[in-house]
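What follows is a single structure, written as structure tokens, with notes after it.
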Amino acid sequence: MALTTFALPTNEAAARPRAQAAALNSEAAVAGRVADLERRFGDPWDAANPLGHAAILAADERGLPQAQAEQLLDGFGLNAEFVPAALGGRLVRADTLARVLRAVFRRDQALGTGYGAFSVLAGASVWVAGSSAQQRWAADVLLGGGRLAVSYRELAHGNAFLRDEFTLSAGAGGGLVLDGTKRVIINADRARGLVIVCRSSRDSGSQSHSTLLLDRQALPAGRVRDLQRYPMVGMRGCRMTGLQFTHCPVPEHSMLGQEGGGVDLALRSFAFTRSILPSMVLGGGDTALRTALRFADVHGVGGRPVQRNPQARRTLSGAFSDLLICDSLALASTRAAGLHLGITGVYAAATKYLLPILLHDAVHELSVLLGSAIYVRDGEFGIFQKHVRDLPVTSLGHAGAAAALSTITPELSALARRSWLTDTPSHARLFKVRDDLPVLDFARLSTAAAGDPLCAELVAAAEDIETGPDSPCTAQLRPITRHLVGELRRLREACAALAPLSRHSLANPHTYALADRYTLILAAAACLGVWRHQQHSQDTFLAGSGWLVTALLRICTRLGLGTPATAPGPEAEVFAELSRRFTQAASFDLYDTPLAAR
Numbered sequence: 176m177a178l179t180t181f182a183l184p185t186n187e188a189a190a191r192p193r194a195q196a197a198a199l200n201s202e203a204a205v206a207g208r209v210a211d212l213e214r215r216f217g218d219p220w221d222a223a224n225p226l227g228h229a230a231i232l233a234a235d236e237r238g239l240p241q242a243q244a245e246q247l248l249d250g251f252g253l254n255a256e257f258v259p260a261a262l263g264g265r266l267v268r269a270d271t272l273a274r275v276l277r278a279v280f281r282r283d284q285a286l287g288t289g290y291g292a293f294s295v296l297a298g299a300s301v302w303v304a305g306s307s308a309q310q311r312w313a314a315d316v317l318l319g320g321g322r323l324a325v326s327y328r329e330l331a332h333g334n335a336f337l338r339d340e341f342t343l344s345a346g347a348g349g350g351l352v353l354d355g356t357k358r359v360i361i362n363a364d365r366a367r368g369l370v371i372v373c374r375s376s377r378d379s380g381s382q383s384h385s386t387l388l389l390d391r392q393a394l395p396a397g398r399v400r401d402l403q404r405y406p407m408v409g410m411r412g413c414r415m416t417g418l419q420f421t422h423c424p425v426p427e428h429s430m431l432g433q434e435g436g437g438v439d440l441a442l443r444s445f446a447f448t449r450s451i452l453p454s455m456v457l458g459g460g461d462t463a464l465r466t467a468l469r470f471a472d473v474h475g476v477g478g479r480p481v482q483r484n485p486q487a488r489r490t491l492s493g494a495f496s497d498l499l500i501c502d503s504l505a506l507a508s509t510r511a512a513g514l515h516l517g518i519t520g521v522y523a524a525a526t527k528y529l530l531p532i533l534l535h536d537a538v539h540e541l542s543v544l545l546g547s548a549i550y551v552r553d554g555e556f557g558i559f560q561k562h563v564r565d566l567p568v569t570s571l572g573h574a575g576a577a578a579a580l581s582t583i584t585p586e587l588s589a590l591a592r593r594s595w596l597t598d599t600p601s602h603a604r605l606f607k608v609r610d611d612l613p614v615l616d617f618a619r620l621s622t623a624a625a626g627d628p629l630c631a632e633l634v635a636a637a638e639d640i641e642t643g644p645d646s647p648c649t650a651q652l653r654p655i656t657r658h659l660v661g662e663l664r665r666l667r668e669a670c671a672a673l674a675p676l677s678r679h680s681l682a683n684p685h686t687y688a689l690a691d692r693y694t695l696i697l698a699a700a701a702c703l704g705v706w707r708h709q710q711h712s713q714d715t716f717l718a719g720s721g722w723l724v725t726a727l728l729r730i731c732t733r734l735g736l737g738t739p740a741t742a743p744g745p746e747a748e749v750f751a752e753l754s755r756r757f758t759q760a761a762s763f764d765l766y767d768t769p770l771a772a773r
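Basically this note's numbering = 1-based index in the sequence shown + 175.
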């Protein structure tokens, strides 16, 4: 058996030479692809639209993928977004990949996850460590309309559905054989390529697992069996099945990277995927907020129009601010991958940890505005409950909260001692919403943190605000940024005192609490960075201080920091921008993207 090259259907992207990657990298090209997807999907609120909310809810009730939506994505060539440009695809940057996929997640998170997100996860391991032949084969599968599936070994089984895994051993007649069961693998039953992380040694430690790339069609049928779908409350249209291998022979050259390198490979690929997936999922948060605002606009809140209900306006403005906080951190994290910063893995883990928490809380607050309508599963506002059900599921799996915090905690002591409050800001490109970046080089993804440019940006922004000319803006921001820098100073003292222990020893409630506070500091720094580096842009909203003050006050509340009683929350300005985007059908993220919606 061998991983052979198949005569798969070709995609016009397959002939694109590497030299054209720069064209794919441009803002015009990315915005054009997003606009094309929006046009193809059409108005989601139109009941007659076969790809609208009504059709999505009907497919969800049946527990099936929406076939017509998948055909639309086939026609768009979405799989090309997952393949590096050097291999004929359209993948050049992490942040732009997330932007394109938001258009899908805005419609249906199960569609985004089932059609694309896990092909992204599986492909990352191939692009990081695969041989030229393995990368060419995986690229051809995707460009030909096929799928990849991935089965990670859950680190410490922290978020595993079941404590099961695969094992790789030597066969009696030579060669390698694969055994074991994994109950939940998205698209396992319809994926051509399988990326399998398996135990390859009985020894403990980080070199006990290896990663394989397998061609499902080349495996002996009697040695691999599909398991029945795993029942889920959310993501019902996503095919969550599993696999069972029984002494299944696998080719030795199917190894991705080195034997025993599975954990290291997973961590390197996580530096790419952990920030992208939450960034994609922001599309679902956008729809939840839009639905709540639409409901409040039609029905009012508490017997009053939403414009005359201060509590409703505060709730809606707060959810909008949370989406901007999430996108600011996601922006810095995904662009860090393109700049090949050593701390990319830490930022990605922070994004994977914090964004699901902020989105969950925002949607919970919004549900109050709908009252009993949150239980309605059809009709104009039924899409809200679907996103409520789907959002928590997207935070599970290979990179849930415990696994993400376990990536952050080992770095805290060194960062505190050699970086925080001493680094100078040197990466303004982290915060440039629409600026180009170098083409992503997967071989340079790193998990070794050196400096911390986000914390450096926090200190620099606070100094600029402190020494800048007096204005209503600086009067609002000065006490807030003083509190945040003070929190970073206290965090530095606590983390510098941590002994350089093993990853296992650092997995305890105390260090997890420190890591939690660190992720909030990073979010505040990202917001300040976005605001500071938009001052000369045409985006007057992001360059203004209204959204920033509201966002930082919400972060300070989560940190338990006392803010001055005189610090106002400029919610009127934030609500006015929210209302404008709602009326003009524009996205509720940093990009203010035109949408195909009434």
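Quick reminder that beta carbons are idealized off the backbone N, C-alpha and C, glycines included.
In this text, all values refer to a predicted model and were calculated from it rather than measured experimentally.
Name the two residues that bound the continuous alpha helix (DSSP H) containing residue i.
i      : result
His685 : Pro684 to Arg707
Asp639 : Pro628 to Thr642
Gln651 : Pro647 to Ala671
Ile730 : Gly721 to Leu734
Pro745 : Here Pro745 belongs to no alpha helix (DSSP H), and DSSP marks it neither H nor E.
Gly520 : Thr519 to Leu545
Leu717 : Thr715 to Ala718
Mark residue i as exposed unless 16 or more other C-beta atoms lie within 10 angstroms of its C-beta, in which case mark it buried.
i      : result
His422 : exposed
Ala467 : buried
Asp598 : buried
Pro240 : buried
Ser547 : exposed
Thr642 : exposed
Thr715 : exposed
Thr732 : exposed
Gly485 : Per the sequence presented here, residue 485 reads as Pro, with Gly not at that position. By the 10 Å Cβ count, Pro485 comes out exposed.
Arg756 : buried
Asn200 : buried
Val229 : Here residue 229 is Ala; the residue named in the question, Val, does not match the sequence. By the neighbour-count rule (16 or more Cβ atoms within 10 Å), Ala229 is buried.
Gly349 : exposed
Glu213 : buried
Gln392 : exposed
Ser601 : exposed
Gln309 : buried
Gly661 : exposed
Does any C-beta atom of chain D lie closer than 8 Å to the C-beta of residue i?
i      : result
Arg365 : Absence of chain D from the displayed structure is noted, only one protein chain being present.
What three-state label does DSSP hand residue i in the structure shown?
i      : result
Ile231 : helix
Leu388 : strand
Ala579 : helix
Leu402 : strand
Pro613 : coil
Val603 : Note that residue 603 is Ala in the sequence shown here, rather than Val. Residue state, collapsed to three classes: helix.
Pro769 : strand
Gly572 : Low local confidence applies: a pLDDT of 49 at Gly572 is under 50, so the model's placement there is unreliable, and no value is given.
Leu266 : strand
Pro184 : Here the model assigns Pro184 a pLDDT of 39, short of 50, so the residue's position is not dependable and the matter cannot be decided.
Pro259 : strand
Ala591 : helix
Ala761 : strand
Ala625 : coil
Ala189 : The predicted position of Ala189 is uncertain, since its pLDDT is 42 and thus under 50; a value taken from the coordinates is nonetheless stated next. Helix.
Arg756 : helix
Ala345 : strand
Could you pull the start and end residues of the beta strand (DSSP E) that residue i belongs to?
i      : result
Cys373 : Gly368 to Arg374
Asp353 : Just to set this straight, residue 353 is Leu in the shown sequence, not Asp. Run containing Leu353: Leu351 to Ile361, per the beta strand (DSSP E) assignment.
- Write down every uninterrupted run of the alpha helix (DSSP H) in the region 417 to 493 whose length is 4 residues or greater and which is fully enclosed by it, in chain order. Qualifying alpha helix (DSSP H) stretches, in chain order: 437 to 474.
- Message: Would the region 288 to 307 count as touching the region 469 to 480 if we require 3 or more Cβ pairs under 8 Å?
- Response: Not touching, per the Cβ criterion.
- 3-residue-minimum beta strand (DSSP E) runs that sit fully inside the region 274 to 343, ordered along the chain: For the region 274 to 343, whole beta strand (DSSP E) runs of length 3 or above, ordered along the chain, are 323 to 326.
- Query: Would you call the region 454 to 462 and the region 531 to 551 touching, i.e. three or more CB-CB distances under 8 Å?
  - Reply: Yes, since at least three Cβ pairs between the region 454 to 462 and the region 531 to 551 fall closer than 8 Å, the two stretches touch.
- Item | Minimum length 4: unbroken alpha helix (DSSP H) runs contained in the region 197 to 255 | Segments of the alpha helix (DSSP H) lying fully in the region 197 to 255: 202 to 216, 228 to 237 and 242 to 251.
- Item | Stretch-stretch touch, CB-based, cutoff 8 Å, three pairs: the region 509 to 527 with the region 603 to 612 | Enough Cβ pairs lie closer than 8 Å, so yes.
- Are three or more beta carbon pairs between the region 646 to 666 and the region 539 to 557 nearer than 8 Å? Contact between the region 646 to 666 and the region 539 to 557 is absent, because fewer than three Cβ pairs lie under 8 Å.
- Can we say the region 442 to 452 touches the region 266 to 285, given the rule of at least three CB pairs closer than 8 Å? Here the region 442 to 452 lies against the region 266 to 285, with 3 or more beta-carbon pairs under 8 Å apart.
- Touching or not, the region 664 to 671 and the region 585 to 604, by the rule of three or more beta carbon pairs under 8 Å? Yes: the two stretches touch, three or more of their Cβ pairs being nearer than 8 Å.
- Item | Touching by the beta-carbon criterion (3+ pairs, under 8 Å), the region 489 to 500 and the region 680 to 690 | Touching, no.
- Would you call the region 427 to 442 and the region 247 to 267 in contact, with 3 or more CB pairs under 8 Å? With a cut-off of 8 Å, the region 247 to 267 and the region 427 to 442 do not count as touching, because too few Cβ pairs lie within range.
- Message: Could you check whether the region 273 to 288 touches the region 353 to 360, counting it as contact only if at least three pairs of C-beta atoms, one from each stretch, sit closer than 8 Å?
- Response: Short answer: they don't touch.
- Query: Is the region 616 to 627 close to the region 645 to 654, with three or more CB pairs under 8 Å?
  - Reply: Result no; under three Cβ-Cβ pairs closer than 8 Å.
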